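Here the sequence shown stands for residues 2 to 274, where the numbers follow UniProt numbering. These notes are about the structure you will find just below.
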Amino acid sequence: SIPRSDVHSPEPATAEEGAAAPIAVEVRDVHKWYGAHRVLDGVDLTVRAGEVTVVIGPSGSGKSTLLRVINHLEQPQLGHVSLDGELVGVRWQRGRLRELSEHQILAQRRRIGFVFQDFNLFPHLTVLDNVAAAPVATGLLRKPEAQRLAHTLLGRVGLGEKADAYPRQLSGGQQQRVAIARALALRPGVILFDEPTSALDPELVGEVLAVIKDLAAEGTTLIVVTHEIAFAREVADRVVFMDGGRILEHGTPGEVLDHPQHPRTRAFLSRVL
Ligand code: ADP
Ligand code: MG
């Protein structure tokens, strides 16, 4: 059988390696289970600063859980996650669990943006206040500065005109662009996207992917769970294929999407392409 996470030979130790960008997110041998159900079964993932990693795989393969573990919305039973070299949440150390303080966990979560499938905007706040809320609540900025930042970020996602609207007055694509601006407002080191276009009508998918593409071009570190294979081919530095709680294959888009080695990657791609 093909060893998991190792379908492509390990990256060669070349002169380039010394110049590689620092590691932004590192997931090491993470296991997560609910009762007898193994949802993550030994996941390893390294994401370097400025890289775009696209995660693909069938429904139920553990993609959302992986993002939730990285963002400390879930705790793994085994293994660890580190962010810019700092451990996230709980780790198994010398046979016992060692926990970070609530304060440390919050500080780490602020460095991670999360964009959900269903936008999760605050319905009772204007678009501007949706974007400005977190920097104020976390004490990062005072309200006037946060609102100035929010105006700038809304301009960046093409919604400068919608600052005073409420979420229900916007299309799904516009709401998701607001959610992206909101994620940017905490100046995160990495942004996680969980199927950001899956809830959208097909004609609205492109405007959201275009904003994500802009972020990628600016060198933002991104981990994107998506079924948009054309987007993965165009934007990803690395593509990861998950199935059954494991990373079965990873590599460049050309490797994983055009020359998949694992039969389950091939079967999955033949269904979605
Ligand atoms: P994906 O995002 O790839 O569709 P998920 O990470 O959402 O997969 O889920 C992986 C598996 O874990 C699914 O079978 C799901 O039912 C299960 N699961 C997720 N969260 C829970 C939970 N809180 N309790 C029990 N099972 C869960
Ligand atoms: Mg999911």
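Even for Gly, the Cβ is constructed at its ideal location relative to N, Cα and C. Model, not experiment: these values are computed from the prediction.
Considering Cα atoms alone, identify which of the options is closest to residue i.
i	options	result
V236	S83, P189, T221, G43	T221
A233	A186, E256, P23, E219	E256
I181	T253, H263, I213	I213
I106	I71, V137, H125, L126	I71
L171	V128, L74, A147, A151	V128
Q175	L210, H228, H38, Q148	L210
Hey, residue i and residue j: beta-carbon distance below 9 Å or not?
i	j	result
V48	G246	no
A166	V132	no
S83	V26	yes
I230	L258	yes
residue 277	D130	This structure gives no information on residue 277, because the portion of the chain shown stretches from 2 to 274.
V179	L205	no
G173	L150	no
Leaving out five residues before and five after residue i in sequence, what residues of the same chain have Cβ atoms less than 6 Å from its Cβ?
i	result
G80	R29, D30, V31, H32
V53	A217, L223, V236, A237, D238
I57	F242
S199	Q118
S62	M243, D244
Between residue i and the rest of its own chain, which residues show a CB-CB distance below 8 Å, the 5 nearest in sequence each way excluded?
i	result
D195	K64, S65, L68, F115, V116, F117, Q118, V226
residue 279	Since the first residue of the chain shown is 2 and the last is 274, residue 279 is not available in this structure.
D215	R157
H228	I57, E196, S199, V273
R143	V137
Report the rounded CA-to-CA distance for residue i versus residue j, giving the unit in angstroms.
i	j	result
D85	Q177	27 Å
P59	D244	7 Å
L155	V273	33 Å
G51	I24	9 Å
A135	R183	8 Å
L141	Q76	26 Å
R188	R112	7 Å
P145	R157	19 Å
Y35	L46	21 Å
P13	D42	Note that P13 scores 47 on pLDDT, short of 50, meaning its location in the model is unreliable; the coordinates nonetheless yield the value given after this. Near 26 Å, if we compare the C-alpha coordinates of D42 and P13.
H152	K163	10 Å
L126	V137	14 Å
H260	R267	9 Å
S102	P203	43 Å
L270	Q148	43 Å
R169	E208	18 Å
T139	A22	29 Å
H38	H73	20 Å
residue 275	E219	There is no way to answer for residue 275, as the model of the chain reaches only from 2 to 274.
Spatial neighbours of residue i within its chain, please: CB distance less than 7 Å, with the 5 preceding and 5 following residues excluded, ordered by chain position.
i	result
R265	D244, L249
P254	A233, R234, A237, V240
Q78	H32, K33, W34
H104	none
Q: Pull every residue with its beta-carbon under 5 Å away from any heavy atom of ligand 1, and keep them in chain order.
A: Y35, V40, S60, G61, S62, G63, K64, S65, T66
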